[in-house]
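**Q**
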Amino acid sequence: MDFVASGTLHSRTKVCGKTNCKCATDPEARHGPYHEWSRRIDGKLRHSVVSSSQAELLRRAIANHREILALLHLWKDKTAAEILNPENGAKRKPRQSQRINYEKT
Ligand SMILES: [Zn+2]
């Protein structure tokens, strides 16, 4: 069982504002990265600051969640198609008794 998480992860670096700090002039010397995980819990947006190792796990968990949602979406579409157009299912597995002929007249 792999991790699954909803929401989004934001990672960014920051400048501290001190003029004598390296970060003021060198973009490579900016502080961080800082990671923030945002997700909805009972309709309310929640933010959590997480470590780099937690961010790595969350990145994978969020990707897993999106993949599951995409599969679920596909499954729902196929279910609707099967139920509303059962002849498509018959075409896929042709059986003589179920075959319907649409002959052009
Ligand atoms: Zn700085």
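Residue numbers (our numbering): -13 to 91.
Positions of the beta carbon are idealized from the N, C-alpha and C atoms, including for glycine.
1) Identify whether K8 lies in helix, strand or coil by the three-state DSSP scheme.
2) With DSSP as the reference, label S34 as helix, strand or coil.
3) Which one of F(-11), L(-5), P72 and K64 has the shortest CA to CA distance from R26?
4) Would you kindly work out how many angstroms separate the C-alpha atoms of T5 and K62, rounded to a whole number?
5) To the nearest whole angstrom, what separates the beta carbons of F(-11) and R46, a pair I think is in contact under 8 Å?
6) Taking any heavy atom of ligand 1 as the mark, which residues have a C-beta closer than 5 Å to it, listed down the chain?
7) Do you know whose CA, among S39, L55, G18 and L44, lies nearest V1's CA?
**A** Quick answer:
1) Helix at K8.
2) strand
3) Of the candidates F(-11), L(-5), P72 and K64, the one whose C-alpha sits nearest the C-alpha of R26 is L(-5).
4) Roughly 56 Å between the two C-alpha positions.
5) 6 Å
6) C2, C7 and C9
7) G18
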